[in-house]
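Its first residue numbered 27, the sequence shown is counted upward by one per residue in the working numbering.
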Amino acid sequence: MDVLTGFFYVFSAVLLFAAFRVVTARNPVHAVLYLMLAFSQASGLWFLLQAEFLAIVLVLVYLGAVMVLFLFVVMMLDLNLDSIRQGFWRHFPLAATLGAVVALEMAAVLMSGFTLAQVPLPVAGEVQLPNSKALGILLYTEYLMPIQIAAAILLVAMFAAIALTLRDRKDSKAIDASLQVRVRASDRLQVVQVQPTRAAPESGPDTAQENKA
Numbered sequence: 027m028d029v030l031t032g033f034f035y036v037f038s039a040v041l042l043f044a045a046f047r048v049v050t051a052r053n054p055v056h057a058v059l060y061l062m063l064a065f066s067q068a069s070g071l072w073f074l075l076q077a078e079f080l081a082i083v084l085v086l087v088y089l090g091a092v093m094v095l096f097l098f099v100v101m102m103l104d105l106n107l108d109s110i111r112q113g114f115w116r117h118f119p120l121a122a123t124l125g126a127v128v129a130l131e132m133a134a135v136l137m138s139g140f141t142l143a144q145v146p147l148p149v150a151g152e153v154q155l156p157n158s159k160a161l162g163i164l165l166y167t168e169y170l171m172p173i174q175i176a177a178a179i180l181l182v183a184m185f186a187a188i189a190l191t192l193r194d195r196k197d198s199k200a201i202d203a204s205l206q207v208r209v210r211a212s213d214r215l216q217v218v219q220v221q222p223t224r225a226a227p228e229s230g231p232d233t234a235q236e237n238k239a
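Laid out in structure tokens, this is it:
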């Protein structure tokens, strides 16, 4: 067994264990953490298959953004697990049936859908480009116009989301920058004439008696 095969078995074993713990963990925070572990192991399998672009996207998009958001949402919701577990056995037959159907479909696909194929060797005189570089060249040459259209649509969607969620708050302490630039010292500083205070009387026996009186 070579090194790549060893890494494959290690990543696969950890991936299966993490996926099993996702559905069996009692704490939802622990389930999210196990799901992040499963995604990291799947990224390692993509690297072994020389699909580094998919591996990096899996790490940056899912582990770096989506799963962290899921973790924050689960921690902020403070779910009541007792009320959720009350209807577990009532819905268990339907869940078991759907799980069995999905397992049979996956088994059928794995047994008949995928066939082992030899990786095509590079032709003499041609340079075999890395996966991510070849994908980048393809996207920004033949598919440049669809990418620009998709970028414009996403930009418009971002502006629309900001415009829909933007509300004027009455308790906001925002200050107009133009007013700060045009401010003058006379607007901030005001000289007030104050009458001089009288000196305190000297303390003595007569003064002490007056204070007692």
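Even glycine gets a Cβ: it sits at the ideal position worked out from N, Cα and C.
As the structure is a prediction and not an experimental result, all values here were calculated from the model.
Exercise for the section: Reducing DSSP to helix, strand and coil, say where T123 ends up. Expected result: Note: T123 maps to helix in three-state DSSP.
Exercise for the section: Taking all protein chains shown into account, decide if Y169 is buried (16 or more other Cβ within 10 angstroms of its Cβ) or exposed. Expected result: Residue burial is scored here from C-beta neighbours: Y169 has fewer than 16 other C-beta atoms within 10 angstroms and is therefore classed as exposed.
Exercise for the section: Can you have a look at G125 and say buried or exposed, based on whether 16 or more other CB atoms are within 10 angstroms of its CB? Expected result: G125 should be labelled exposed.
Practice task
Ignoring anything shorter than 4 residues or poking outside the stretch 174-225, list the alpha helix (DSSP H) runs there in chain order.
Solution key: For the stretch 174-225, whole alpha helix (DSSP H) runs of length 4 or above, ordered along the chain, are 203-207 and 211-214.
Exercise for the section: Could you pull the start and end residues of the alpha helix (DSSP H) that E78 belongs to? Expected result: Segment E78 to V83, the alpha helix (DSSP H) holding E78.
Problem - Beta-carbon separation (whole angstroms), F79 vs N157, contact threshold 8 Å - result: Contact between F79 and N157 is confirmed by a C-beta separation of about 5 Å, below the 8 Å threshold.
Exercise for the section: Please confirm whether Q67 and L89 have their CB atoms less than 7 Å apart. Expected result: The answer is no: Cβ separation not under 7 Å.
Problem - For L59 and F98, the rounded distance between their alpha carbons - result: So the alpha carbons of these two residues sit roughly 11 Å apart.
Handout entry: Sub-7 Å separation of V49 and L61 beta-carbons
Key = In this structure, L61 does not lie closer than 7 Å to V49 by Cβ.
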